Amino acid sequence: MAKGSDMDAVVVGSGPNGLAAAVTLARAGLSVTVVEGAPTIGGGTRSEELTLPGFLHDVCSAIHPLGVASPFFKTLPLSEYGLEWIYPEVQLAHPLPDGEAALLLRDLDATSSLLGKDGPSYRRLFQPLVERWDDLAPDLLAPLHFPRHPVATALFGIRALLPAHQLARFSFKEAPARALFCGMSAHAFLPLQHPLTSAFGLILGTLGHVAGWPVARGGSQSLAAALATYLRSLGGELVTGCQVKSLADLPAARIVMLDVTERQLEAIAGPHLPAAYQRRLQRYRYGPGVFKIDWALDGPIPWTAADCRHSATVHVGGTAEDVTAGEAEVWRGVHPERPFVLVAQPTLIDPSRAPQGKHIAWAYCHVPHGSTVDMTARIEAQIERFAPGFRDLVLGRHTRNCLQYEHYNANIIGGDINGGVQDLRQFLARPKLLAPYRTPLPGVYLCSSGTPPGGGVHGMCGYHAASLALRDLK
Ligand SMILES: Cc1cc2nc3c(=O)[nH]c(=O)nc-3n(C[C@H](O)[C@H](O)[C@H](O)COP(=O)(O)OP(=O)(O)OC[C@H]3O[C@@H](n4cnc5c(N)ncnc54)[C@H](O)[C@@H]3O)c2cc1C
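So my numbering is basically just the index in the sequence shown, starting at one, shifted up by 927.
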């Protein structure tokens, strides 16, 4: 990269957090350049024709409850720059072995009434969160601080700290509610017997009611494109194809924002970092990874439970017990025979991504860190259990294992899509307890999902890191 005159800020990496940081700095009037290693911008929000011509797949993220609810993205005029969220009729479907499916609907009462005997318990669990979400969101999607709404946050925290498997057994009597809750909680990438896993189920369930689980029209790349176009309108610049190996590669700038995770920070800045901070980075842990398949399909997935045909997201794994067992196996380093599979079927609501009458689908399962095992047969067998005839629709497929993901995007270390384990310890210290974004190097900040509030497409890590940098600058 050419070393021109000093600029205000350089952002390394153009994932949603890098772009959020760049926009935050540019909105404050700073000159900003984003330096991206890959040939295209977007990090985890890119879309490509991975299988056949005319079939546009989301390479990483596809479903955006965190994106649509992001307190930061909400402040941006992204719809003016081409971003349109499309909402399914059913936010999430979880098919069960009896041929029925548990459903997450926008309407809390409707969701509760479908859960039969567990309806009142479901409502008791989620109603306070739904009612107080606007108060809770800025406290939950932020680094550790004294909450602005301590009572609401404490009420959330008491339940969130519980292992999801226990909360599901304690709160619900029947299979559908238990499976629905454990499936959402499995986004934690932790065994569901671990503390804090309920936090994921509670937040994702609440978002189903207050915001929805939409897709972006034209693919997740529309979000990256909208952020980039808005950034350019503020005077920001983006450079692609420039992998940063050392801080010395960068032009002089008052602020350097790194949309990279802890291990990469050590590689990029290692020699300049104090030994104690280096050790902290070395102790930082990465979790299980993903094996993902993208399919070009001749028709929609023929789910036995017809309600699954009205949702862009389907959690495939059967009962809460099955999901719990599979996630525990992954944590122990085992590849489950019947993995928990997350399926996205965006063309049901966004037909623009495939030729007329055809469909795309995306699915991943959790696998041990760094795995290169091909899970295609196991993932397809799981879907076939709940959608017989699925395999006959496959026109083309594309797969990626953990190491191929890391090669594709250096942030996905060992296939970990969350930028590091999100257990209690690394939830609090990510990578450190206070001002986690600030590194010991003056003006250098971490802003990726390896900082609070962690993985997902919400831009809040970038927003908080850039806000701290602006305060430091003053
Ligand atoms: C298969 C998969 C499915 C997912 N599904 C969802 C989903 O449905 N919903 C959701 O909310 N989240 C999902 N996620 C997670 C989400 O994509 C990430 O949490 C999110 O993208 C993290 O954003 P980030 O900006 O921190 O990092 P990233 O999006 O990973 O971006 C980092 C960027 O920095 C660049 N970079 C890294 N190192 C350097 C360097 N040294 N020099 C220059 N550039 C560099 C990378 O090329 C990349 O473009 C998924 C992820 C994967 C992999």
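Backbone N, C-alpha and C define an ideal beta-carbon position, used for all residues, glycine too. Note that the coordinates shown come from a computational prediction; the quantities given were computed from them, not determined experimentally.
Beta-bridge pairing of residue i - partner residues as DSSP gives them
i: M934; result: A1180
i: C1292; result: F1218 and V1268
i: S1238; result: V1017
i: I1287; result: A1223
i: W1012; result: A1143
i: V1371; result: V1183
i: R1324; result: W1222
i: E975; result: H984
i: V1243; result: V1268
i: V939; result: V962 and L1185
Boundaries (first-last residue) of the alpha helix (DSSP H) holding residue i
i: E1027; result: No alpha helix (DSSP H) holds E1027; DSSP gives it neither H nor E.
i: H1136; result: T1124 to V1137
i: Y1332; result: C1329 to Y1335
i: Y1157; result: Q1148 to S1160
i: V962; result: Note, V962: premise wrong, no alpha helix (DSSP H); beta strand (DSSP E) at V959 to V962.
i: L1165; result: Per DSSP, L1165 belongs to no alpha helix (DSSP H); it is in the beta strand (DSSP E), E1164 to V1166.
i: P1047; result: G1046 to L1067
i: A1095; result: A1091 to S1098
i: I1310; result: T1303 to F1313
i: L993; result: P992 to A996
i: G1084; result: P1077 to A1087
i: F872; result: Since the first residue of the chain shown is 928 and the last is 1401, residue 872 is not available in this structure.
i: F1354; result: L1351 to L1355
i: S1394; result: M1387 to L1400
i: R1206; result: A1202 to R1210
i: S1040; result: L1035 to L1041
Exposed unless 16 or more other CB atoms sit within 10 angstroms - verdict on residue i
i: D1249; result: buried
i: R1075; result: exposed
i: V1300; result: exposed
i: A1113; result: buried
i: T1303; result: exposed
i: E1007; result: exposed
i: G1135; result: buried
i: L1361; result: exposed
i: S1125; result: buried
i: D1319; result: exposed
i: V1371; result: buried
i: F1097; result: exposed
i: V1261; result: exposed
i: P1295; result: buried
i: I1085; result: exposed
i: S1173; result: exposed
i: H1334; result: exposed
i: G1381; result: buried
i: G1197; result: exposed
i: E1256; result: buried
i: K1285; result: buried
i: P1015; result: buried
i: A1081; result: exposed
i: S1406; result: Here the chain comprises residues numbered 928 to 1401, so residue 1406 is not present and cannot be evaluated.
i: F999; result: buried
i: H1385; result: buried
Cβ separation of residue i and residue j, assumed to be a contact under 8 Å, to the nearest whole Å
i: S1147; j: S988; result: 5 Å
i: R1324; j: I1220; result: 6 Å
i: A1239; j: A1290; result: Contact doesn't hold; Cβ gap of about 12 Å is too wide.
i: P1122; j: L1068; result: With 8 Å as the limit, P1122 and L1068 do not qualify as a contact, their Cβ atoms being about 20 Å apart.
i: F982; j: I1276; result: With a Cβ gap of about 16 Å, F982 and I1276 do not count as contacting.
i: T1188; j: I990; result: Contact doesn't hold; Cβ gap of about 22 Å is too wide.
i: A1104; j: D1045; result: 4 Å
i: P1367; j: P1201; result: 5 Å
i: G1216; j: G1110; result: So it is not a contact: roughly 19 Å between Cβ atoms.
i: F1116; j: H1293; result: 6 Å
Start and end residues, beta strand (DSSP E) containing residue i
i: V1261; result: Looking at the DSSP string, V1261 is not in any beta strand (DSSP E), and its letter there is neither H nor E.
i: Y1364; result: Neither: Y1364 is in no beta strand (DSSP E) and is coded neither H nor E.
is_contact[residue i, chain C] using C-beta, thresh 8 Å
i: D1301; result: No chain C appears in this structure, which consists of one protein chain only.
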